[in-house]
Amino acid sequence: MAEATTADGAAGLPAAARRVAAALEAAGHPAVIRIFPDSTRSAAEAAAAVGCRTEEIVKSLIFRRSNDDAAVLVLIGGADRVDTAKLARVVGAKTGRADADFVRRTTGYAIGGVPPLGHATAAVVVMDEGLMALSTAWAAAGTPHAVFETTPADLARVTGAVIAAVAATPAA
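Letter by letter, the sequence shown follows residues 0 to 171 in numbering that gives the first Met the number 0.
Put into structure tokens, the structure is as follows:
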């Protein structure tokens, strides 16, 4: 495992992870980006690599708002799913999952490594309130092998997220 702090300048990191490190540094977040040999593309893979619970992984999911085609970034726990009706109420319009081309064009990253910040274009950011119950969380850092540790409060601060209940209620 390789790691670099934003203070190190992140010189040894892949280009996408360096962009995340720069965004974290610009936001005043002194994170350590960790690179793993195994994939951290899915929440389960990331949790296994880090050694945490799946719930402590932050998924960065891109949706497309129907009324203006804006990118909507949803930050949600690794074990949760987004309730699109709840999301529509928060962002004021229906949304649908974005395809890989839209994700890459609006974020600058490929699916599986989309970080919560440092995107190519501004997105509407919504953070599920369930994340706020965690003391620490891990988010993607630009590649399917890179993550960084954060607190939900810091994540909300650096992303400018609206905090709302957007997770689907588990079926009984």
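Here a beta-carbon is modelled for each residue, glycine too, at the ideal position from N, C-alpha and C. This structure is a prediction, so every number in the text was calculated from the model and none was measured.
Cβ neighbours of residue i in the same chain (closer than 7 Å, five flanking residues each side left out)
i             : result
threonine 135 : Glu55, Glu148 and Thr150
tyrosine 108  : Ala15, Pro114 and Gly141
threonine 49  : Residue identity differs from the one stated: residue 49 is valine in this sequence, not threonine. The residues are Trp137 and Val146.
arginine 103  : Ala109
arginine 52   : Ala46
Alpha helix (DSSP H) segment containing residue i, residue limits
i             : result
threonine 135 : It is not in any alpha helix (DSSP H) - threonine 135 carries neither H nor E in the DSSP assignment.
Extent of the continuous beta strand (DSSP E) to which residue i belongs
i          : result
alanine 70 : 70–76
Own chain partners of residue i with C-beta closer than 6 Å, once the 5 adjacent residues on each side are dropped
i              : result
alanine 16     : Ile32, Ala140, Gly141, Thr142 and Ala145
alanine 26     : Val157
methionine 126 : Leu74, Ala155, Ala160 and Ile162
alanine 167    : Arg80 and Asp82
For residue i, three-class secondary structure by DSSP
i          : result
alanine 15 : helix
Proximal residues to residue i (C-beta, below 8 Å), its chain only, five neighbours per side dropped
i             : result
alanine 213   : This structure does not reach residue 213, given that the chain is present from 0 up to 171, and the question cannot be answered.
histidine 118 : Ala70, Leu72, Thr105, Thr106, Gly107 and Tyr108
arginine 18   : Gly107, Gly117 and Gly141
Quiz prompt | Continuous alpha helix (DSSP H) assignments of at least 4 residues falling wholly in the stretch 85–163 | solution = 99–106 and 151–158
Practice problem: Could you name each continuous alpha helix (DSSP H) segment of 4 residues or more that falls completely within the stretch 17–71, going from the start of the chain to the end? | Solution: 42–49
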